[in-house]
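Sequence order for the protein chains is E, G and B.
Per this note's numbering, residue 62 is the first one in the first sequence, and the count goes up by one each step.
Per this note's numbering, residue 62 is the first one in the second sequence, and the count goes up by one each step.
Per this note's numbering, residue 62 is the first one in the third sequence, and the count goes up by one each step.
Down below is the structure, laid out as structure tokens.
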Amino acid sequence: MEPNKGLVSALFLFFLLHATMASPTPKPHIKPRPPPHHPCRHLTFYFHDIIFNGKNSKNATAAIVGSPPWGNRTILAGQSHFGNLVVFDDPITLDNNLHSAPVGRAQGFYIYDRKDIFTAWLGFSFVFNSTQHRGSINFAGADPLMNKTRDISIIGGTGDFFMTRGVATLETDAFEGEVYFRLRVDIKLYECW
Amino acid sequence: MEPNKGLVSALFLFFLLHATMASPTPKPHIKPRPPPHHPCRHLTFYFHDIIFNGKNSKNATAAIVGSPPWGNRTILAGQSHFGNLVVFDDPITLDNNLHSAPVGRAQGFYIYDRKDIFTAWLGFSFVFNSTQHRGSINFAGADPLMNKTRDISIIGGTGDFFMTRGVATLETDAFEGEVYFRLRVDIKLYECW
Amino acid sequence: MEPNKGLVSALFLFFLLHATMASPTPKPHIKPRPPPHHPCRHLTFYFHDIIFNGKNSKNATAAIVGSPPWGNRTILAGQSHFGNLVVFDDPITLDNNLHSAPVGRAQGFYIYDRKDIFTAWLGFSFVFNSTQHRGSINFAGADPLMNKTRDISIIGGTGDFFMTRGVATLETDAFEGEVYFRLRVDIKLYECW
Chain E
62 MEPNKGLVSA LFLFFLLHAT MASPTPKPHI KPRPPPHHPC RHLTFYFHDI IFNGKNSKNA
122 TAAIVGSPPW GNRTILAGQS HFGNLVVFDD PITLDNNLHS APVGRAQGFY IYDRKDIFTA
182 WLGFSFVFNS TQHRGSINFA GADPLMNKTR DISIIGGTGD FFMTRGVATL ETDAFEGEVY
242 FRLRVDIKLY ECW
Chain G
62 MEPNKGLVSA LFLFFLLHAT MASPTPKPHI KPRPPPHHPC RHLTFYFHDI IFNGKNSKNA
122 TAAIVGSPPW GNRTILAGQS HFGNLVVFDD PITLDNNLHS APVGRAQGFY IYDRKDIFTA
182 WLGFSFVFNS TQHRGSINFA GADPLMNKTR DISIIGGTGD FFMTRGVATL ETDAFEGEVY
242 FRLRVDIKLY ECW
Chain B
62 MEPNKGLVSA LFLFFLLHAT MASPTPKPHI KPRPPPHHPC RHLTFYFHDI IFNGKNSKNA
122 TAAIVGSPPW GNRTILAGQS HFGNLVVFDD PITLDNNLHS APVGRAQGFY IYDRKDIFTA
182 WLGFSFVFNS TQHRGSINFA GADPLMNKTR DISIIGGTGD FFMTRGVATL ETDAFEGEVY
242 FRLRVDIKLY ECW
């Protein structure tokens with residue numbers, strides 16, 4: 062019986078080898094889809110945006126720097142602020158209190174991009190430089206801000222967040238007129254290095 | 062002969078084990094290069110940009126919101142529109158007809174960034190919310206728009222396009238003066254989840 | 062002893078099979094962390110930014126196209142240039158000489174986004190079209206430009222840099238007043254296709 066057993070073993074090993082080493086095939090890069098996806102890292106923060114309105118220069122963390130032909134840079138334009146480009150440097154906090162100690166800065170821009178309802182396009186970073194987190198997380202995507210929650214892409218990171226990718230769920234946690242809003246950001250990283 | 066055979070098997074298994082389990086090595090992340098690359102998902106759309114020119118506020122889907130010192134926000138500037146920042150919320154259609162039912166919105170911005178020829182830098186999203194597609198695809202990159210086709214990066218996605226990456230090939234399908242243009246967008250996703 | 066040996070082999074093979082074929086599990090995508098990370102490709106370039114100041118239109122490669130309410134588009138604004146949006150089309154060189162033959166163009170924008178110190182948010186591409194390199198590399202991220210070096214994300218690429226990702230380390234190599242600066246860009250790609 063030994064030869065047969067040897068043949069079976071050989072076939073088995075051949076199969077194993079094939080299964081093991083054939084990975085660099087010319088197939089498309091379809092990543093395994095775990096049902097459901099579990100983030101390899103999960104973080105939640107708040108950030109606070111105070112738009113300059115001509116009177117609040119001391120507290121303002123954001124300013125209108127572009128506007129449509131029918132607008133100016135001190136008051137958000139009509140038609141759902143379409144065309145207003147806002148630059149911001151907002152404090153990031155761990156809870157929803159504007160006066161909590163900031164753990165980092167949210168820096169970048171948003172552009173209101175629709176005339177009939179409020180939507181914006183965002184490009185920004187979370188920048189950390191504390192004992193807890195050091196490095197940056199970079200975000201980009203559409204923000205249909207009238208929706209309770211909306212997802213944007215995490216397109217990269219540096220430092221503690223080296224090469225990361227993921228999805229961030231934004232939620233408007235509070236707003237006061239057209240001067241202050243607070244976003245809750247649920248960061249789910251699916252590629253961790 | 063049995064001992065020798067056992068030794069051969071043992072070496073074989075050792076080799077196999079080594080080959081199987083040694084994956085977390087400190088080697089660079091060189092992904093296999095299938096010759097050629099095949100997208101795991103392939104989609105084609107058109108989108109339509111109508112720039113506000115002071116007279117077409119009803120139909121306009123885009124507006125100039127930034128301009129160089131020598132320009133204004135109603136007429137695209139001289140020197141290849143260098144410095145004009147345009148925000149858009151354009152209908153996406155399945156064919157090249159502006160009046161076809163939109164299947165989504167292309168939202169974001171472009172900036173003309175060169176004085177001697179027409180080139181732009183794009184940051185935008187395709188936003189879908191229909192029975193066919195739900196979610197967003199995010200794009201960024203340089204658009205040397207005088208070239209017949211040009212490639213930009215797909216940097217992420219959400220919903221049905223969760224975590225996707227790829228390359229989009231843009232082609233100017235039509236343009237009328239400095240008010241209307243239509244882009245054909247060939248979306249090739251190479252990372253699908 | 063043969064039966065025992067067969068049992069051991071079977072268990073061994075079972076273990077191996079399990080280890081080999083169980084990869085598409087619903088676990089998070091934690092990529093192996095090689096200590097330290099080695100780029101799969103490493104490139105260094107310089108680029109040169111000459112901001113239009115009302116007098117240098119012939120040489121200028123960049124222009125202010127957005128400004129805060131308290132600024133204009135010819136002179137960078139006070140408060141650390143907060144709110145100035147600058148568009149650029151800068152020559153890329155292999156060494157630190159502005160007059161060396163350009164090997165490509167750096168095209169995109171930066172926005173100064175902080176009132177108390179100089180920081181900016183960058184979105185741009187390196188565009189190559191020579192015998193040496195053809196294609197583009199796309200960058201995004203926060204640039205705390207007072208730091209000697211700072212990292213931003215490489216979020217994608219096309220052509221020779223198809224689907225690449227990585228980190229770029231920026232260093233201000235020289236600056237002259239508020240008109241000229243030169244950045245050294247150390248490109249480390251960690252995902253190569």
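Even for Gly, the Cβ is constructed at its ideal location relative to N, Cα and C.
Proximity of N157(G) and R211(G) at Cβ, strictly below 9 angstroms: By one-based count along the second sequence, residue 157(G) stands at place 96. By one-based count along the second sequence, residue 211(G) stands at place 150. The answer is no: Cβ separation not under 9 angstroms.
Close beta carbons around A138(B), own chain, < 7 angstroms, minus the five adjacent residues each side: On the third sequence, residue 138(B) is found 77 positions in, with the first residue counted as 1. For A138(B), where only same-chain residues beyond five positions count, the Cβ hits under 7 angstroms are S128, P129, W131, G132, G144 and N145.
Paired residues, beta bridge with K53(B) - DSSP: Any question about residue 53(B) goes unanswered here, given that chain B covers just 62 to 254.
V147(B) and A124(B) closer than 9 angstroms at C-beta: As a working note, residue 147(B) is residue 86 in the third sequence. As a working note, residue 124(B) is residue 63 in the third sequence. Contact flag set, yes.
Beta carbon proximity, I198(E) to chain G, threshold 9 angstroms: In the first sequence, counting from the first residue as 1, residue 198(E) sits at position 137. It does not: the Cβ of I198(E) has no partner Cβ on chain G nearer than 9 angstroms.
Cβ contact check for the region 197-209 of chain G and the region 192-199 of chain E: 3 or more pairs under 8 angstroms: no
Three-state secondary structure (DSSP) of D247(G): Taking the first residue of the second sequence as 1, we reach residue 247(G) at position 186. In this structure, D247(G) counts as strand in the three-state DSSP scheme.
Start-to-end residues for the beta strand (DSSP E) that takes in D212(B): Position 151 of the third sequence holds residue 212(B). Per DSSP, D212(B) belongs to the beta strand (DSSP E) from T210 to G220.
Start and end residues, beta strand (DSSP E) containing E239(B): What you label residue 239(B) is simply residue 178 of the third sequence in a count that begins at 1. That residue, E239(B), is in no beta strand (DSSP E); it is neither H nor E in DSSP.
Cβ shell of M62(B) (< 8 angstroms), same chain only, five flanking positions each side left out: Taking the first residue of the third sequence as position 1, residue 62(B) is located at position 1. In this predicted model, M62(B) has a pLDDT of only 42, less than 50, meaning its place in the structure is not dependable enough to derive any value.
CA nearest to the CA of I172(B), picked from V164(B), G165(B) and A181(B): Here residue 172(B) refers to the residue found at position 111 of the third sequence. Considering only alpha carbons, the answer is A181(B).
Other residues of its chain near T225(G): CB distance less than 8 angstroms, five sequence neighbours each side excluded: If you number the second sequence from 1, residue 225(G) lands on position 164. Closer than 8 angstroms at the Cβ level, and outside the excluded window around T225(G), lie R102, I198, I215, G217, G218, L250, E252, C253 and W254.
Chain G contacts from the region 109-120 of chain E (Cβ-Cβ distance under 8 angstroms): none
Three-state secondary structure (DSSP) of G132(B): Within the third sequence, numbered from 1, the residue matching residue 132(B) stands at position 71. Correct three-state label for G132(B): coil.
Opening and closing residue of the beta strand (DSSP E) in which D204(E) lies: Locating residue 204(E) in the first sequence gives position 143, counting from the first residue. Element bounds for D204(E): R195 to D204.
Inter-residue Cα distance where the pair is F242(E) and Y107(E): Taking the first residue of the first sequence as position 1, residue 242(E) is located at position 181. Taking the first residue of the first sequence as position 1, residue 107(E) is located at position 46. Distance between the alpha carbons of F242(E) and Y107(E): 10 angstroms.
Near-chain E residues of the region 177-188 of chain G - C-beta to any C-beta below 9 angstroms: G184, F185, S186, F187 and V188
Whole-Å CB distance - V228(E) paired with F223(G), under 8 angstroms assumed: As a position in the first sequence, residue 228(E) is number 167, starting the count at 1. As a position in the second sequence, residue 223(G) is number 162, starting the count at 1. Contact holds; Cβ gap of about 7 angstroms.
Spatial neighbours of T18(E) in its chain, beta-carbon cut-off 6 angstroms, leaving aside the 5 residues before and after: It is not possible to answer for residue 18(E), since the shown part of chain E is limited to 62 through 254.
Interface flag, L231(E) vs chain B, CB-CB below 9 angstroms: For this step, residue 231(E) is matched to residue 170 along the first sequence. L231(E) does not count as touching chain B.
Proximal residues to N190(B) (C-beta, below 8 angstroms), its chain only, five neighbours per side dropped: Reading the third sequence from its first residue, position 129 is the one you call residue 190(B). Once the five neighbours on either side are set aside, the close Cβ partners of N190(B) are G165.
Three-state secondary structure (DSSP) of G144(E): Within the first sequence, residue 144(E) is the residue found at index 83, counting from 1. Three-state result, G144(E): coil.
Residue environment, D151(G), which counts as buried when at least 16 other CB atoms sit within 10 Å: The residue given as residue 151(G) occupies position 90 in the second sequence. Buried, by the Cβ-count rule.
Three-state class that DSSP yields for I172(B) in the structure shown: For the purposes of this step, residue 172(B) is taken as the residue at position 111 of the third sequence. Three-state result, I172(B): strand.
Distance CB(W141(E))-CB(D177(E)) smaller than 9 angstroms: In the first sequence, counting from the first residue as 1, residue 141(E) sits at position 80. In the first sequence, counting from the first residue as 1, residue 177(E) sits at position 116. Reading the sequence as shown, one finds Ser at residue 141(E) and not Trp. Yes, they are a contact pair.
Distance CB(I248(B))-CB(T122(B)) smaller than 9 angstroms: Your numbering for residue 248(B) matches position 187 in the third sequence. Your numbering for residue 122(B) matches position 61 in the third sequence. Cβ distance not < 9 angstroms, so I248(B) and T122(B) don't count as in contact.
Separation of F170(B) from G169(G), as counted between CA atoms: In the second sequence, the residue the question calls residue 169(G) occupies position 108. In the third sequence, the residue the question calls residue 170(B) occupies position 109. Roughly 14 angstroms between the two C-alpha positions.
Closest by C-alpha distance to L27(E), when choosing among G220(E), V240(E) and G202(E): Shown here, chain E extends from 62 to 254; a query on residue 27(E) therefore has no answer.
Proximity winner among F113(E), H194(E) and E239(E), relative to G220(E) (alpha-carbon distances): Along the first sequence, one-based indexing puts residue 220(E) at 159. Checking every option, the nearest Cα to that of G220(E) belongs to H194(E).
Residues that V126(B) contacts on chain G, provided the C-beta gap is smaller than 8 angstroms: Against the third sequence, residue 126(B) aligns to sequence position 65. Simply G127, S128, P129, G144, N145, L146 and I172.
Buried versus exposed, by CB contacts within 10 Å (16 or more), F236(G): As a working note, residue 236(G) is residue 175 in the second sequence. Exposed, because fewer than 16 other Cβ atoms sit within 10 Å of the Cβ of F236(G).
Spatial distance of N120(E) from F179(B) (CA atoms): Position 59 of the first sequence holds residue 120(E). Position 118 of the third sequence holds residue 179(B). Spanning the two alpha carbons is a distance of roughly 18 angstroms.
9 angstroms Cβ cutoff, G169(E) in contact with chain B: To locate residue 169(E), count along the first sequence from 1; it is residue 108. With 9 angstroms as the cut-off, G169(E) counts as an interface residue toward chain B.
Collapsed DSSP secondary structure at F191(G) in the structure displayed: Along the second sequence, read from residue 1 onward, the residue named residue 191(G) stands at position 130. In the sequence on display, residue 191(G) carries Ser and not Phe. In the structure shown, S191(G) sits in coil (DSSP, three-state: anything other than H, G, I, E or B).
Cross-chain neighbours of T135(G) in chain E, by beta carbon under 9 angstroms: As a working mapping, residue 135(G) is identified with position 74 in the second sequence. What T135(G) touches in chain E: P130.
T192(G) burial status per 10 Å Cβ neighbour count (16 or more: buried): Position 131 of the second sequence, counted from the first residue, corresponds to residue 192(G). Exposed.
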